[in-house]
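What follows is one structure encoded as structure tokens, with my remarks underneath.
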Amino acid sequence: MLVNTTPARDSVAVLARELSVAAADGRLAAYLDQPVRLDTLSVTAPHPVFVLDIDDLSDGDLDPRGASFAGWRYLLEVNHRVVALATTTVDADGVHPSEG
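Just add 9 to wherever you are in the sequence shown, counting from 1, and you've got our numbering.
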């Protein structure tokens, strides 16, 4: 089970790349319903994300140690106000899909 609360550099790199693309094509501004410059956006409070498969739930054993690491979730802030969540995901091998 992952207990580290410091995301790997690749997670931060994937997040930065995706935010840059979303800012450039206007999706980020549309999602936030306000124009935003990347230099005003802060990414804080990384948390590891874990998932349980339906099979894990159906056998009646709700032991969280059976959860699989799935990625990282971050808070996105503008002027110290949380405006969104961003999540990076990893495949079964722990690799971010866009890293291929």
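Cβ coordinates follow ideal geometry from the N, Cα and C atoms, glycine included.
Under the three-state DSSP convention, the category residue i falls into
i, result
"P55", "strand"
"T49", "helix"
"V21", "helix"
"V30", "helix"
"G103", "coil"
Spatial neighbours of residue i in its chain, beta-carbon cut-off 7 Å, leaving aside the 5 residues before and after
i, result
"D48", "none"
"A38", "P44, V45"
Spatial neighbours of residue i in its chain, beta-carbon cut-off 6 Å, leaving aside the 5 residues before and after
i, result
"Y83", "V52, P55, A95"
"V58", "A79, G80, R82"
"A32", "L47"
"V99", "G80, H105"
Residue nearest to residue i in terms of C-alpha spacing, selected from the options
i, options, result
"A93", "T15, R36, D19", "R36"
"V87", "D62, L41, E27, P106", "L41"
"A101", "F78, V30, V91", "F78"
"L28", "V104, T97, P106", "T97"
Residue i, buried or exposed, once every other Cβ within 10 Å from all chains shown has been counted against 16
i, result
"S20", "buried"
"P16", "buried"
"V60", "exposed"
"H89", "exposed"
"V30", "exposed"
Residue-chain proximity (residue i, chain B), Cβ-Cβ < 9 Å
i, result
"T49", "Absence of chain B from the displayed structure is noted, only one protein chain being present."
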